[in-house]
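Have a look at the structure below, then the notes.
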Amino acid sequence: MNNEEINVLLIDDDIVDIRLVKALLKKVKHTRFKVEHICDVNDARLHLAADNHDVYLMDYYLGESDGLELIREARRIGKTTPIIVITGAESEEVDEQVMNAGAADYLPKEELSASLLDRTIKHALERTRYIKKLEYLANRDPLTNLANRAMFEEHLERTLAISKRRNQKFAVLLLDLDRFKEINDTLGHNIGDMLLSIVANRLTELMRKEDIIARIGGDEFTILLSQVENSESVVAICNKILTHLTKPTPINESSLFVSTSIGVAMFPDNADTPIGLMQKADLALYKAKTLGKNNFQFFSEELRTKLQYETEIEKALRLEINTPAFSMYYQPQYNLLDNRLDGFEALIRWDSTVLGKIPPEQFIPIAEKSGLILELGDWIIETVCRQLHEWNKAGYRDLNIAINMSPKQLKKPNFYTHLNEQIIKYNLVPGKLTLELTESIFIDASEHNIGFFKHLKQSGISLALDDFGTGYSALAYLKNFPLDKLKIDRSFVSGPSVGQQEEVINQAIISLAHGLNMQVIAEGVETKEQANLLMQQGCDLAQGLYFNEPLNAELATKLLQKDYGAAS
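All you need for our numbering is the position in the sequence shown, starting with 1, plus 932.
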């Protein structure tokens, strides 16, 4: 602290003592002490609250009272500036009282000297800085320098108390980065850490100074928006966050694209406790994740009811998986040139003994999130392979069967082994099996991922890209991955919004696929006119209610008998 100026406030009502302390501090070399003094206790309270000095020197006796209550008041209002007590009443009891009140140190008047004052003041300042640094580190996330969970919870409690008194609204936002685990696993933890730091910086740039931003988990952030006027203002902020975070992120001379899902809980509308608000924000975040990510959801009682129902679905899934409650239905696929049955798309159905019939769009996402999709997927593969074997035995050996695949299934270490075991067990021709894959699977264009699909292709299994044009469509997928078929999504085929633009898109998809030696399948065909148009455009196969609805195994067998004749 050499040549540094230290601002000292001397609180004493004895003019002799004031002159003594000032004279001693003036003797100190290499450090300039700028000393102000006050005599009145009430003035002292104002100065301590304003906290404009580096250190306070206070006499133990101030008129009719002692300085202990002043020290306690300063600590109660959160002031941490060191207070050093000077007194002529030296005793162990006084020493203990002073230190317990929160003083930084205690000096007997008869021992005062320039060097002792200098040393004591600098030691107190150094210790205060050290404590502040420890407190800062204890309340900060070391990677992003944002607040950590402990600090966020402290601010949340404080904001809650203030908002209750002032009848103000505030919001808690819970953010979770989409696909972060995938980025971490494929690109490494160093890249993941860099991405987290960039996200933290972007959030800091975007939010107001009074908003509290914290990192409370691996890729989980939370924001405390104080004094919000209404939910519309929170909507605007959420939209800004989504837009700001989806900008390309340059890392190591390449660009990453990251998005986030946000759950929002409002005070006082949704909860009036810290735990309640965090729980409600978490439920809203879960909903945002299930709706396709890169979006935000507000908590509502309707959402709570829906999530409770989803919890019941998961419980029932665990109980009824691998039981007769599940069955496979088969959607016929027709060759548009001769209108003959080419095969089926296998579709799972669930008639729960507890909850009744539950559509796949409800239970499949829950199976994905819970991990039950792995067990369910194994059951689907075995059931479909067994059924195809039965049809082959009956003489229907030219059938093609398509099975929908979850990204989690494909990442299962023994996926190919299990699939190949079923093919061998049921004596199937691999080429008669088609795995339908969603576009999200192809985001990872690593050599390992491409190699895995090439291995599937080399084994004879067909690969189809489902719902082409609705997700992350990129021509690179068609170039890098060994696909055999493209499926045109129903949104381009049927519905009130389908028009000339969709027809042009379909023609382009068909021409592109044929140029790459791929077959094209259209789904969602509902009218003869749609089927005829697709045939004229060169589409190979089609499925939909115009041809037939999904059928159970018994009815699918009867359809085969009708189209191909009785089993041989």
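Even glycine gets a Cβ: it sits at the ideal position worked out from N, Cα and C.
Just so it is clear, the structure is predicted and the values come from calculations on it, not from any experiment.
- Using 8 Å as the threshold, is the region 1249-1259 in touch with the region 1220-1232, meaning 3 or more CB pairs across them? With a cut-off of 8 Å, the region 1220-1232 and the region 1249-1259 do not count as touching, because too few Cβ pairs lie within range.
- With which residues is Ala1278 paired in a DSSP beta bridge? For the purposes of this step, residue 1278 is taken as residue 346 along the sequence shown, with counting starting at 1. DSSP output for Ala1278 lists Tyr1262, Ile1335 as bridge partner(s).
- Who are the near neighbours of Ile947 in its chain, counting only those whose CB is closer than 7 Å to its CB and skipping five residues on each side? By 1-based counting over the sequence shown, the position of residue 947 is 15. Closer than 7 Å at Cβ, skipping near neighbours: no residue.
- Three-state secondary structure assigned by DSSP to Gly1288: Residue numbering aside, residue 1288 sits at position 356 when the sequence shown is read from its first letter. Strand at Gly1288.
- Secondary structure of Phe1084, DSSP reduced to three states: For this step, residue 1084 is matched to residue 152 along the sequence shown. In this structure, Phe1084 counts as helix in the three-state DSSP scheme.
- In whole angstroms, what is the alpha-carbon distance linking Leu1367 and Gln1493? To locate residue 1367, count along the sequence shown from 1; it is residue 435. To locate residue 1493, count along the sequence shown from 1; it is residue 561. The alpha-carbon atoms of Leu1367 and Gln1493 are separated by roughly 26 Å.
- Taking just the CA atoms, how far does Ile970 sit from Leu941? The count along the sequence shown starts at 1 and reaches residue 941 at position 9. The count along the sequence shown starts at 1 and reaches residue 970 at position 38. Going by the C-alpha atoms only, they are around 8 Å apart.
- Using a Cβ-Cβ cut-off of 6 Å (strictly less than) and excluding sequence neighbours within five positions of Asp983, which residues of its own chain qualify? Along the sequence shown, one-based indexing puts residue 983 at 51. Cβ within range, chain order: Lys1011, Thr1013.
- If you check the beta carbons only, do Ile1053 and Asp991 fall under 9 Å apart? If you number the sequence shown from 1, residue 1053 lands on position 121. If you number the sequence shown from 1, residue 991 lands on position 59. Against a cut-off of 9 Å, the Cβ pair of Asp991 and Ile1053 comes out as no contact.
- Proximity test, Cβ basis, 9 Å: Glu1434 and chain B: In the structure shown, chain B cannot be found, because there is only a single protein chain.
- Item | Where Cys966 falls: helix, strand or coil (DSSP) | Taking the first residue of the sequence shown as position 1, residue 966 is located at position 34. The sequence shown places Lys at residue 966, rather than the Cys named in the question. Lys966 falls in the strand class under three-state DSSP.
- Taking only runs that begin and end inside the region 1302-1337, name each unbroken beta strand (DSSP E) of 3 or more residues, in chain order. 1332-1336
- Message: Excluding the 5 residues flanking His1176 on each side, which residues of the same chain have their C-beta closer than 7 Å to its C-beta?
- Response: On the sequence shown, residue 1176 is found 244 positions in, with the first residue counted as 1. Once the five neighbours on either side are set aside, the close Cβ partners of His1176 are Arg1134, Leu1138.
- Message: Please tell me whether Phe1153 and Leu1107 are closer than 9 Å, where the distance is taken between their beta carbons.
- Response: For the purposes of this step, residue 1153 is taken as the residue at position 221 of the sequence shown. For the purposes of this step, residue 1107 is taken as the residue at position 175 of the sequence shown. It is a contact, given that the beta carbons lie within the stated cut-off.
- DSSP state of Ser1405 mapped onto helix, strand, coil: Along the sequence shown, one-based indexing puts residue 1405 at 473. Low confidence applies to Ser1405: its pLDDT is 49, below 50, so where it sits in the model is not reliable, and the reading given next is rough at best. Three-state DSSP puts Ser1405 in coil, outside helix and strand.
- Message: So if DSSP puts Ala1168 in a beta bridge, which residue, or which two residues, is it bridged to?
- Response: Position 236 of the sequence shown, counted from the start, is the residue given in the question as residue 1168. BP columns for Ala1168 are empty, so no partner.
- Task: Would you mind giving the Cβ-Cβ distance between Asn1226 and Thr1205, rounded to the nearest angstrom? I have them listed as a contact below 8 Å.
- Result: Indexing the sequence shown from 1 puts residue 1226 at position 294. Indexing the sequence shown from 1 puts residue 1205 at position 273. The pair is not a contact, with the Cβ atoms about 30 Å apart (cut-off 8 Å).
- Query: Looking at the structure shown, is Leu952 part of a helix, part of a strand, or coil, going by DSSP?
  - Reply: By one-based count along the sequence shown, residue 952 stands at place 20. Here Leu952 sits in helix by DSSP.
- Query: Pairing CB atoms from the region 1459-1471 with CB atoms from the region 1438-1450, are three or more of them under 8 Å?
  - Reply: With contact defined as three or more Cβ pairs closer than 8 Å, the region 1459-1471 and the region 1438-1450 are in contact.
- Message: Let me make sure I understand the geometry here. Which of Thr1489, Ala1146, Lys954 has the alpha-carbon closest to that of Ala1326?
- Response: Along the sequence shown, read from residue 1 onward, the residue named residue 1326 stands at position 394. Of the listed residues, the one whose Cα sits closest to Ala1326 is Thr1489.
- Short Cβ contact (9 Å threshold) for Val1190 with Leu1109: On the sequence shown, residue 1190 is found 258 positions in, with the first residue counted as 1. On the sequence shown, residue 1109 is found 177 positions in, with the first residue counted as 1. Yes, the Cβ-Cβ distance between Val1190 and Leu1109 is below 9 Å.
- Query: If we ignore side chains and look at the alpha-carbon of each, how far apart do Arg1111 and Met1337 end up?
  - Reply: As a first step, residue 1111 is located in the sequence shown; it is residue number 179 there, counting from the start. As a first step, residue 1337 is located in the sequence shown; it is residue number 405 there, counting from the start. Taking the straight line joining both Cα atoms gives about 19 Å.
- Message: Assuming the contact rule is C-beta atoms closer than 8 Å, Cys1170 and Phe1228 should be a hit. Round their C-beta distance to whole Å, please.
- Response: Reading the sequence shown from its first residue, position 238 is the one you call residue 1170. Reading the sequence shown from its first residue, position 296 is the one you call residue 1228. Going by Cβ atoms, the distance from Cys1170 to Phe1228 rounds to 4 Å, so yes, they are a contact pair.
- From this set, Ala1079, Ile1207, Pro1362, which residue's C-alpha is nearest Gly1392's C-alpha? Taking the first residue of the sequence shown as 1, we reach residue 1392 at position 460. Ranking Ala1079, Ile1207, Pro1362 by Cα distance to Gly1392 puts Pro1362 first.
- Item | Buried versus exposed, by CB contacts within 10 Å (16 or more), Glu1067 | The count along the sequence shown starts at 1 and reaches residue 1067 at position 135. It is exposed - the Cβ of Glu1067 has fewer than 16 other Cβ atoms within 10 Å.
- the region 1234-1250 contacting the region 1207-1217, beta-carbon criterion three pairs below 8 Å: Short answer: they touch.
- Message: Is the beta carbon of Leu1105 closer than 9 Å to that of Ile1173?
- Response: For this step, residue 1173 is matched to residue 241 along the sequence shown. For this step, residue 1105 is matched to residue 173 along the sequence shown. Going by C-beta atoms, Ile1173 is nearer than 9 Å to Leu1105.
- Just confirm the distance between the C-beta atoms of Pro1264 and Gln1475, as a whole number of angstroms; I'd bet it's less than 8 Å. Here residue 1264 refers to the residue found at position 332 when the sequence shown is read from its first residue. Here residue 1475 refers to the residue found at position 543 when the sequence shown is read from its first residue. Contact flag correct, Cβ pair sits at about 6 Å.
- Query: What span of residues does the alpha helix (DSSP H) with Gly1431 cover, start to end?
  - Reply: The residue you call residue 1431 lines up with position 499 of the sequence shown. Note, Gly1431: premise wrong, no alpha helix (DSSP H); not H, not E.
- Spatially closest choice to Leu1304 from Lys1141, Val967, Lys1340, by CA coordinates: Here residue 1304 corresponds to residue number 372 of the sequence shown, with the count starting at 1. Among Lys1141, Val967, Lys1340, the Cα nearest to that of Leu1304 is on Lys1340.
- For His962, count neighbouring Cβ atoms within 10 angstroms of its own Cβ and tell me buried if that reaches 16, exposed if not. Here residue 962 refers to the residue found at position 30 of the sequence shown. A residue is called buried once 16 or more other Cβ atoms fall within 10 Å of its Cβ, and His962, having fewer, is exposed.
- Query: How many Å lie between Trp1323 and Ser1394 at the Cα?
  - Reply: Working through the sequence shown from its first residue, we reach residue 1323 at position 391. Working through the sequence shown from its first residue, we reach residue 1394 at position 462. One C-alpha to the other measures close to 19 Å.
- Just the Cα atoms here: how many angstroms apart are Ala1454 and Thr1181? Here residue 1454 corresponds to residue number 522 of the sequence shown, with the count starting at 1. Here residue 1181 corresponds to residue number 249 of the sequence shown, with the count starting at 1. Put simply, the backbone Cα of Ala1454 is about 36 Å away from that of Thr1181.
- Item | Counterpart residues of Thr1192 in DSSP-defined beta bridges | Taking the sequence shown and counting its residues from 1, the one referred to as residue 1192 is at position 260. Beta-bridge pairing links Thr1192 to Leu1109.
- Are the beta-carbon atoms of Glu1005 and Arg1051 separated by less than 9 Å? To locate residue 1005, count along the sequence shown from 1; it is residue 73. To locate residue 1051, count along the sequence shown from 1; it is residue 119. No, the pair does not count as a contact, with Cβ atoms beyond the cut-off.
- Message: For Thr1136, which residues in the same chain have their Cβ closer than 8 Å to its Cβ, ignoring the five residues on either side in sequence?
- Response: Within the sequence shown, residue 1136 is the residue found at index 204, counting from 1. Result list for Thr1136: Leu1078, Ile1145, in chain order.
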